[in-house]
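Colleague: Sharing a structure, written as structure tokens. Questions coming.
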Amino acid sequence: MEYLEVVVEPYPYPVSYKGQYHYRSGSTKQELKGAALDKFLLQKQGKRWDGVPVPNISIKDLDNNTFELFRKKATKSGRLSEEVLGESNKILIENLRLKDGDYLKRAAILLFHPDPEKYVTGAYIKIGFFRTDDDLLYQDEIHGNLLEQVDRTLDLLLTKYMRANISYEDMTRIEKYPFPRSALREALLNAVVHKDYSNGVPIQISVYDNKVVLWNDGQLPEGWTIEKLKQKHPSNPYNPDIANAFFRAGSIEAWGRGIQKITSECQIAGLPVPEYKYDFSGFFLEFKQSNYNVPEETSVKTSVKILEAIKSNDRITIPELAETIGVTTRSIERNIQNLQQNGKLVRIGPDKGGHWKIIGG
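If you count the sequence shown from 1, you need to add 107 to reach our numbering.
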């Protein structure tokens with residue numbers, strides 16, 4: 108029996124046939140379409156998503172206040188000359204390589220437009236505070252351009268979502284947050300610079316009593332793994348034009364050291380190394396507190412401090428106790444529950460207008 112065998116060698120890229128692109132995934136052939144097709148076509152042209160020109164928008168549509176913010180940051184960083192920074196917004200945009208011919212690039216809109224979501228869906232940051240994964244207590248959204256979002260998000264995280272431990276050295280008040288400000292900022296910048304803005308999903312930050320989880324719909328460079336990301340590696344931003352603007356503003360480096368900096372800052376603060384996870388849904392970065400599983404001795408000390416504070420003021424509130432002792436409200440609630448169960452403390456009257464009574468004290 109004779110037969111003809113046709114051997115087709117594997118091809119690493121999608122194949123065009125009758126106007127459609129096809130690729131093999133495992134043992135099946137699939138058609139490339141939607142956002143995946145857009146990315147492939149851009150790669151064929153040697154372009155990135157943030158470098159695509161956008162018609163019908165001009166320099167005058169951008170936000171002058173954001174240009175001034177950028178100039179202040181860039182002046183401080185010294186990564187753009189005073190001559191360039193003194194030029195018009197139009198010349199500055201050209202020096203940042205944020206134009207393609209006569210058109211502004213997507214990166215220019217995300218960085219400098221007062222409302223980039225008119226052009227890019229999902230270009231914002233969402234924060235939520237969770238008691239458990241299924242119990243969301245409150246949330247916020249941070250909109251505006253990317254240069255504003257990072258600073259506003261960091262401020263909101265530190266003022267609303269985290270409680271600082273307060274101490275004093277002589278007359279100087281010192282606030283120590285659960286996680287280093289510099290590490291949180293670096294994580295935010297990484298998320299903004301590496302996010303896949305084509306998918307229309309915001310960056311999401313989930314805050315718990317004992318951890319903070321950042322998620323963005325980003326992608327690692329082809330062939331990269333989490334292990335490679337943790338090691339010294341070349342800078343390869345998903346959005347190079349956005350990354351360049353943040354570099355010129357002095358917000359990031361251009362050496363691929365972001366993950367190493369985050370890890371180092373946490374180790375210096377005595378915290379566990381952050382956990383990194385990457386799968387089909389995106390990139391996760393998780394900060395964890397080292398002392399969430401509180402030793403019994405520490406819990407006893409907190410309970411004693413609570414009783415001492417109540418002796419001084421039996422109408423003191425839980426937030427005031429947390430502020431006085433320097434722990435989270437959740438820690439106060441947990442210790443008060445233990446005191447009540449052990450018959451050492453009772454609550455007289457309602458939450459508002461009531462007072463505490465120490466038993467046997």
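C-beta atoms are modelled at their ideal positions from N, C-alpha and C, and glycine is treated no differently.
#1: Find out if the Cβ-Cβ distance for the pair I166, I216 is shorter than 8 Å.
#2: Who are Q311's beta bridge partners in DSSP?
#3: Near L243, what residues of its chain come up, given a Cβ to Cβ distance below 6 Å and the 5 sequence neighbours on each side ignored?
#4: In angstroms with no decimal places, state the Cα-to-Cα distance between Q374 and G365.
#5: Extract the residue ranges of the alpha helix (DSSP H) inside the region 370-436, only unbroken runs of 4 or more that lie entirely within it.
#6: Might you give, ordered along the chain, the residues of its own chain that have their beta carbon closer than 7 Å to the beta carbon of R186, omitting 5 neighbours on each side?
#7: Can you name, in chain order, every residue of its own chain whose Cβ lies under 8 Å from the Cβ of N400, other than the five neighbours on each side?
#8: Can you name the residues that DSSP bridges to Y274?
#9: Hey, how far is the Cα of W156 from the Cα of R213?
#10: Determine the closest residue to E293 out of G229, Q396 and S371, with distance taken between C-alpha atoms.
#11: I need the straight-line Cα distance from K459 to D241, nearest angstrom please.
#12: Looking only at its chain, what residues have a beta carbon closer than 8 Å to the beta carbon of P309, apart from the 5 residues adjacent to it on each side?
#13: Tell me, please, which residues DSSP counts as bridged to T239.
#14: Taking the straight line between their C-alpha atoms, what separation do you get for P328 and I413?
#15: Assign P223 to buried or exposed, taking buried as 16 or more other Cβ atoms, counted over all protein chains shown, within 10 Å of its Cβ.
#16: Alpha carbon to alpha carbon, how far is E112 from N297?
#17: Buried or exposed: which applies to T424, given that a residue is buried once 16 or more other Cβ atoms fall within 10 Å of its Cβ?
#18: Can you tell which of G467, S410, K339 and K318 has its C-alpha closest to the C-alpha of K395?
#19: Could you pull out every unbroken beta strand (DSSP E) segment of at least 3 residues lying fully inside the region 144-211, listed in chain order?
#20: Judging by CA-CA distance, which residue of V227, M269 and R270 is the nearest neighbour of G251?
#21: With a threshold of 6 Å on Cβ separation, who are the neighbours of P221 within its own chain once the five nearest residues in sequence on each side are excluded?
#22: Which one of T436, I455, I466 and R422 has the shortest CA to CA distance from Y268?
#23: Return the CA-CA distance between K418 and I465, expressed in angstroms with no decimal places.
#24: Grouping DSSP H, G and I as helix and E and B as strand, with all else coil, what is G460?
Modeller: Concretely, from the data shown:
#1: no
#2: K233 and W322
#3: G235 and F237
#4: 14 Å
#5: Secondary structure in the region 370-436: the alpha helix (DSSP H) runs of 4 residues or longer, each lying completely within the stretch, are 403-419 and 425-432 in chain order.
#6: F354, R355 and G357
#7: With a pLDDT of only 47 at N400, under the threshold of 50, the placement of this residue in the model should not be trusted; the figure read from the coordinates follows. Nothing listed; no residue qualifies.
#8: A quick correction: the sequence has Ser, not Tyr, at residue 274. S274 pairs with I281.
#9: 8 Å
#10: S371
#11: Going by the C-alpha atoms only, they are around 28 Å apart.
#12: Around P309: G229, A230, Y231, I232, K233 and E248.
#13: D242
#14: 51 Å
#15: buried
#16: 50 Å
#17: exposed
#18: The shortest C-alpha separation from K395 is found at K318.
#19: none
#20: Among V227, M269 and R270, the Cα nearest to that of G251 is on V227.
#21: D170
#22: T436
#23: 8 Å
#24: coil
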